[in-house]
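J.: Below you'll find the structure I mean.
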Amino acid sequence: MCGIIGILGKADVTSVLVEALRRLEYRGYDSAGVAVVSDGTLARRRAVGKLSELEAVLEATPISGKSGIGHTRWATHGAPNEANAHPHRAGPVAVVHNGIIENFQALRAELVAKGRVFTSETDTEVVAQLCADYLAQGLSPQAAVAQSLARFEGAFALAYLFDGEDDLMIGARRGSPLALGHGEGEMYLGSDAMALAPVTNRITYLEEGDWVVLSRAGGQIYDALGNAVSRAETVVNLDAMQVDKGNHRHFMTKEIFEQPSVMALAMSHYLTSDHNQITVPEGAPDFTKFDRLVLVACGTAFYACHVAKYWFEQVAGVPVEIDVASEFRYRAPPIGPRDAVILVSQSGETADTLAALRYVKGKAGQVIAVINAPESSIAREADLALPIKAGVEVSVASSKAFTCQLTVFAALAILAARQRGLLDAAAEKAMIEVLVQAPRVLDEALKAEPQMAEAARELAKARDILFLGRGPLYPLALEGALKLKELSYIHAEGYASGELKHGPIALIDESVPVICFAPVDDLFDKTVSNMQEVMARGGKVLLVSDAEGIKRAGEGTWATIELPACDPFIAPMVYAIPAQLLAYHTATEKGTDVDQPRNLAKSVTVE
Ligand code: M6R
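Quick note on the numbering used here: the sequence shown kicks off at 54 and runs consecutively.
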């Protein structure tokens, strides 16, 4: 999940490399580096930490060249120090890499036995060393790369640069994405089109196993067997790639506050303009043909699946299985033609989710992606890609992608209910009327931000925090805990309210805040009983409900947050706001790095 960039340009590319890396920093920010061919010779600069550290190094010791590669790292093998930072260099070759070379130890031992001296602990260095070894045997750069690629096991996107070769760059992909950018007398490589947005919108996505030899005049792509192939060039919509914070201090708040508008946009994609019916996207599933839905994702996207399980089962009567992709892919679950599998991913590049997709392809009746990045690997490999229309999500902690994923799932659940004869036209219209209220109700919920900021001042002092929810609000408790952990580094757990007394209640004392998500629904009184059990043991309850719920719950809570009343169907969307803003304000109270929390990366392209 590192970001890579390569440029064969007409003028000095150093600052363009750094600008591209800024757009890739969401992939990792443990270290960054660039290498350029300067007067025919490779020169490189690397720095530990955020890109600003590399910029400082480049300012102190500038380099320049018209050909260059760059990298922003999320450490897998070896600590985040300068020696392990990319580009890695061995003699006349420099390399940047995203992925993991799984057989690096065997290759390293082989190369060390031949006298090669390694200077890092990374898996990547073998890529540079092996290539240098082949070059030393007299192979051309192209042949050296081709021979090397055949030796690697694992996943990689690679960009190679060579001493003395001002008009040559070689890229390769297997398991990790790599895009080729076309300019006027310039050529580019990038982990994604977003990195290349300031320089070109003409993109060719390399396919699995492809590698490419670039000069400023163009690129020749080869497939995994070494056959010359051509791949389509697409023009990407750069407007969709605008990335700025607007008036917000952080991308995270910008994205949280964008939710009503992006959800409305997502809805317009799945509803007829008169809001009478769910539109059936071309190739959309016929839910009468499936006995079961299997929903697979990671992290926040998985919690969207968890909410969707309640909706599909309750609204459409479809049995649903859910799993996190990292477990699903290895447990060899039986999947057949009467199963539809839905993979959910904001980035569309999450390695485990992509592997789960490849596992079900050819087994399931239909493989559907619910996706934010339309050009991503998961979108391209699924039978059908359903866009969530959230727009670029920059903050590492996911927010608007979650509510847009829920929007798409809500529409699909209504569609499934209609197809399966559980909703007539009037009932479908009534459900849609509820759904289209969601953006407005979220807008109202955002007005409760000051209450959340105030509660966060107290939460920031806690060591452990519990979140409780029932029914479709249980996944929101899990999401609230995940958001709080990743943003504020406070230990937090989400539990189904009724499960608390089966063990976790032992954790309760006056130092552990317990946040209860309790919309007024069929389960409200049961949730309040669980809340009373906590308070009876000295627990500090923060109740999140609407005015009626707060009144009905009575005395004894430590604090309350009042959200607008809403139909229970859309409550999981509305309660996403406190899940996100409580974490956000707790983090700002603690002074953590909200948009780029420690140890994380936005796009998890390694398993
Ligand atoms: O891009 P994806 O939706 O596939 O990413 C899945 C998770 O990595 C992601 O949701 C992660 O859990 C976020 N940091 C949560 O805020």
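For each residue, glycine too, the CB sits at the ideal point set by N, CA and C. These numbers come from a predicted model, not from an experiment.
As an exercise, report each continuous beta strand (DSSP E) stretch of at least 3 residues that is fully enclosed by the stretch 123-187, in chain order.
T.: List check, beta strand (DSSP E) in window: 141-143 and 146-154.
J.: Hey, quick one: how far does the alpha helix (DSSP H) through histidine 359 stretch, first residue to last?
T.: For this step, residue 359 is matched to residue 306 along the sequence shown. Start and end: 352-369.
J.: Between which two residues does the alpha helix (DSSP H) holding aspartate 496 run?
T.: Residue mapping note: residue 496 aligns to position 443 of the sequence shown, counting from 1. Per DSSP, aspartate 496 belongs to the alpha helix (DSSP H) from 491-499.
J.: What does the alpha-carbon distance come out to for the pair asparagine 425 and alanine 438?
T.: Taking the first residue of the sequence shown as 1, we reach residue 425 at position 372. Taking the first residue of the sequence shown as 1, we reach residue 438 at position 385. Going by the C-alpha atoms only, they are around 9 Å apart.
J.: Contact between the stretch 138-145 and the stretch 77-96 is defined here as three or more beta-carbon pairs at a separation below 8 Å; is this criterion met?
T.: The answer is yes - the stretch 77-96 touches the stretch 138-145, with three or more Cβ pairs under 8 Å.
J.: For tyrosine 383, is the classification buried or exposed, using 16 other Cβ atoms within 10 angstroms of its Cβ as the cut-off for buried?
T.: Walking along the sequence shown from the start, residue 383 turns up at place 330. Exposed, since its Cβ has fewer than 16 Cβ neighbours within 10 Å.
J.: Measuring only from the beta carbon, is glycine 352 closer than 7 Å to any heavy atom that is part of the ligand M6R?
T.: The residue you call residue 352 lines up with position 299 of the sequence shown. Answer for glycine 352: yes, Cβ within range of the ligand M6R.
J.: Taking 8 Å as the cut-off, decide whether the C-beta atoms of leucine 529 and phenylalanine 570 are in contact.
T.: Counted from its first residue, the sequence shown places residue 529 at position 476. Counted from its first residue, the sequence shown places residue 570 at position 517. Contact: yes.
J.: Less than 8 Å separating the beta-carbons of lysine 694 and alanine 632?
T.: The structure shown has nothing for residue 694, since the chain only spans 54 to 660.
J.: Compute the Euclidean distance between the alpha carbons of glycine 238 and aspartate 219, then round it to the nearest angstrom.
T.: Translated into the one-based positions of the sequence shown, residue 238 becomes position 185. Translated into the one-based positions of the sequence shown, residue 219 becomes position 166. Cα-Cα distance, rounded: 14 Å.
J.: Does DSSP put lysine 342 in a helix, in a strand, or in coil?
T.: Within the sequence shown, residue 342 is the residue found at index 289, counting from 1. Residue state, collapsed to three classes: helix.
J.: How should glycine 81 be labelled, buried or exposed, when 16 other C-beta atoms within 10 angstroms of its C-beta is the threshold for buried?
T.: Indexing the sequence shown from 1 puts residue 81 at position 28. By the neighbour-count rule (16 or more Cβ atoms within 10 Å), glycine 81 is buried.
J.: What does DSSP give as the partner residue(s) for tyrosine 213 in the beta ladder?
T.: Here residue 213 refers to the residue found at position 160 of the sequence shown. Paired residue(s): Val148 and Ile223.
J.: Cutting at 7 Å between CB atoms, please list the residues of its own chain near serine 229, excluding the five before and the five after it.
T.: Here the question's residue 229 lines up with position 176 in the sequence shown. Result list for serine 229: Asn151, Gly152, Ala208, Phe209, Ala210 and Thr658, in chain order.
J.: Looking at the secondary structure, which residues open and close the beta strand (DSSP E) in which alanine 393 lies?
T.: Position 340 of the sequence shown, counted from the first residue, corresponds to residue 393. 392-398 is the extent of the beta strand (DSSP E) around alanine 393.
J.: According to the neighbour-count rule (16 or more other Cβ atoms, all chains shown, within 10 Å of its Cβ), is lysine 442 buried or exposed?
T.: Translated into the one-based positions of the sequence shown, residue 442 becomes position 389. With 16 or more Cβ atoms within 10 Å of its Cβ, lysine 442 is classed as buried.
J.: Taking only three categories from DSSP, how would you classify leucine 348?
T.: Here residue 348 refers to the residue found at position 295 when the sequence shown is read from its first residue. Of the three classes helix, strand and coil, the one that applies to leucine 348 here is strand, per DSSP.
J.: How close, in whole Å, do the beta carbons of methionine 240 and glycine 217 come, if the pair is a contact with beta carbons under 8 Å?
T.: Along the sequence shown, read from residue 1 onward, the residue named residue 240 stands at position 187. Along the sequence shown, read from residue 1 onward, the residue named residue 217 stands at position 164. Going by Cβ atoms, the distance from methionine 240 to glycine 217 rounds to 19 Å, so no, they are not a contact pair.
J.: Out of Val581, Lys453 and Ser541, which has the shortest C-alpha to C-alpha gap to threonine 645?
T.: Position 592 of the sequence shown holds residue 645. The shortest Cα separation from threonine 645 among Val581, Lys453 and Ser541 belongs to Ser541.
J.: For isoleucine 630, name the three-state secondary structure that DSSP assigns.
T.: Numbered from 1 along the sequence shown, position 577 holds the residue referred to as residue 630. Isoleucine 630: helix per DSSP, three-state reduction.
J.: Determine the DSSP secondary structure at histidine 235, reduced to helix, strand or coil.
T.: Taking the first residue of the sequence shown as position 1, residue 235 is located at position 182. In the structure shown, histidine 235 sits in a strand (DSSP, three-state: E or B).
J.: Inspect the beta-carbon positions of leucine 346 and alanine 393 and report whether they are closer than 8 Å.
T.: Position 293 of the sequence shown, counting from 1, holds the residue named residue 346. Position 340 of the sequence shown, counting from 1, holds the residue named residue 393. Going by C-beta atoms, leucine 346 is nearer than 8 Å to alanine 393.
J.: Taking phenylalanine 340 and alanine 385 to be in contact with their CB atoms under 8 Å, please state how far apart those CB atoms are, rounded to whole angstroms.
T.: As a first step, residue 340 is located in the sequence shown; it is residue number 287 there, counting from the start. As a first step, residue 385 is located in the sequence shown; it is residue number 332 there, counting from the start. Not confirmed; about 26 Å, so no contact.
J.: If the criterion is Cβ atoms closer than 8 Å, does the pair threonine 172 and glycine 121 meet it?
T.: Start at 1 with the first residue of the sequence shown, and residue 172 comes out as number 119. Start at 1 with the first residue of the sequence shown, and residue 121 comes out as number 68. Cβ atoms of threonine 172 and glycine 121: not closer than 8 Å.
J.: Starting from glycine 243, follow its DSSP beta bridges and name the residues at the other end.
T.: Position 190 of the sequence shown holds residue 243. For glycine 243, which the question treats as bridged, DSSP gives the partners Ile58 and Ala232.
J.: In whole angstroms, what is the alpha-carbon distance linking valine 28 and valine 627?
T.: With the chain covering 54 to 660 only, the question about residue 28 has no answer from this structure.
J.: From valine 282 to glutamine 273, what does the alpha carbon distance come to, in whole angstroms?
T.: Position 229 of the sequence shown, counted from the first residue, corresponds to residue 282. Position 220 of the sequence shown, counted from the first residue, corresponds to residue 273. Cα to Cα, the separation comes out at about 8 Å.
J.: Kindly identify the DSSP beta-bridge partner or partners of leucine 439.
T.: Here residue 439 refers to the residue found at position 386 of the sequence shown. Partner(s): Val423.
J.: When the distance is taken between beta carbons, is alanine 232 closer than 8 Å to threonine 460?
T.: Residue mapping note: residue 460 aligns to position 407 of the sequence shown, counting from 1. Residue mapping note: residue 232 aligns to position 179 of the sequence shown, counting from 1. Taking 8 Å as the Cβ cut-off, threonine 460 and alanine 232 do not qualify as a contacting pair.
J.: Do alanine 422 and alanine 432 have their CB atoms nearer than 8 Å?
T.: Here residue 422 refers to the residue found at position 369 of the sequence shown. Here residue 432 refers to the residue found at position 379 of the sequence shown. Going by C-beta atoms, alanine 422 is nearer than 8 Å to alanine 432.
J.: When we look at the beta-carbon of leucine 278 and count the other beta-carbons within 10 Å, is it buried (16 or more) or exposed?
T.: By 1-based counting over the sequence shown, the position of residue 278 is 225. Leucine 278 comes out exposed.
J.: Rounded to the nearest angstrom, what separates leucine 449 and lysine 538 at their Cα positions?
T.: Sequence index remark: in the sequence shown, residue 449 carries index 396 (1-based). Sequence index remark: in the sequence shown, residue 538 carries index 485 (1-based). Per the sequence shown, the amino acid found at residue 449 is valine instead of leucine. The straight-line gap from Cα to Cα measures roughly 13 Å.
J.: Whole angstroms is fine: what's the gap from leucine 192's alpha carbon to isoleucine 60's?
T.: By 1-based counting over the sequence shown, the position of residue 192 is 139. By 1-based counting over the sequence shown, the position of residue 60 is 7. When rounded, the distance between both Cα atoms is 24 Å.
J.: Got a sec? Which residues, its chain only, sit under 6 Å from aspartate 344 by beta carbon, not counting five neighbours each side?
T.: Position 291 of the sequence shown, counting from 1, holds the residue named residue 344. Cβ neighbours of aspartate 344 beyond the five flanking positions: Arg391.
J.: Would you kindly report the start and end of the unbroken alpha helix (DSSP H) that includes threonine 456?
T.: By 1-based counting over the sequence shown, the position of residue 456 is 403. Its alpha helix (DSSP H) spans residues 453-472.
J.: DSSP puts glycine 547 in a beta bridge; with which residues?
T.: Locating residue 547 in the sequence shown gives position 494, counting from the first residue. Phe520.
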